[in-house]
Each structure stands twice: as structure tokens, then as C-alpha cells.
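For the sequence shown, my numbering begins at 14 and goes up steadily by one. The beta-carbon is built from N, C-alpha and C at its ideal position, and this holds for glycine as well. Read through the structure below, which is laid out as C-alpha cells, and then see the notes.
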Amino acid sequence: MARRGAGPDAVADDRVLTPEERTAFVNRDYGALYGLGAHPYLLWHFTEAVYEHEYTEGFGWRELVERYRAAIIPYGEVDDIP
14 MARRGAGPDA
24 VADDRVLTPE
34 ERTAFVNRDY
44 GALYGLGAHP
54 YLLWHFTEAV
64 YEHEYTEGFG
74 WRELVERYRA
84 AIIPYGEVDD
94 IP
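Okay, structure coming up:
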């Protein structure tokens, strides 16, 4: 089991993922993960946790929500995205 703070490759090694899922996970590509069938509610919390440390004066929660919406819209709309 990968330890806390391990990189995405180490964490992905401990999971049963298809090659496409692994690539999307390691690349933090939440749009591709959604397209591959990730549950939108769980995916949102993954996305929030992964990107929270990148919040700056010009990029915060609202911008992340908009980026998330834009990434998943090509795969179909989800009801009640925050």
C-alpha cells in the first residue's frame, strides 16, 4: 500500500485499474475519469482534494468548479454539480 504523500504513480500501483484509468488517474485528468465511468460525486471530492493545494488569489474553489464542469460536459451533463 502506498504511503500518504506518495506520488500518483505509487498510489496507482496499489489499485486495480485499466491502462486508460491509470493514465487518467496519474495525470489527474478528471474529465477522462468521468468519461471512463467514475461516479461524479466521488470524482468531485477527488478533484477537490487533488487541486486544493493549488488555490491562489486568482484560482480558488469557484474556478475549480468551472474547470471541472468544462472537463466533464463533453461526456454528458451531471445534475447538481456544486
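- A direct Cα-to-Cα measurement between V78 and L56 gives close to 12 Å.
- Note on G44: 16 or more other CB atoms within 10 angstroms of its CB, so buried under the neighbour-count rule.
- Of the residues P21, T69, E76 and G48, the one whose Cα lies closest to the Cα of P87 is G48.
- Note on the stretch 46 to 79: whole alpha helix (DSSP H) runs with a minimum of 4 residues are 53 to 64, in chain order.
- Shown here, R41 sits in coil according to DSSP, grouped into three states, outside any helix or strand.
- Relative to the Cα of F59, the nearest Cα in the group A23, E76, E33 and Y81 belongs to Y81.
- If you check the CB distance, A25 and V39 come in under 8 Å.
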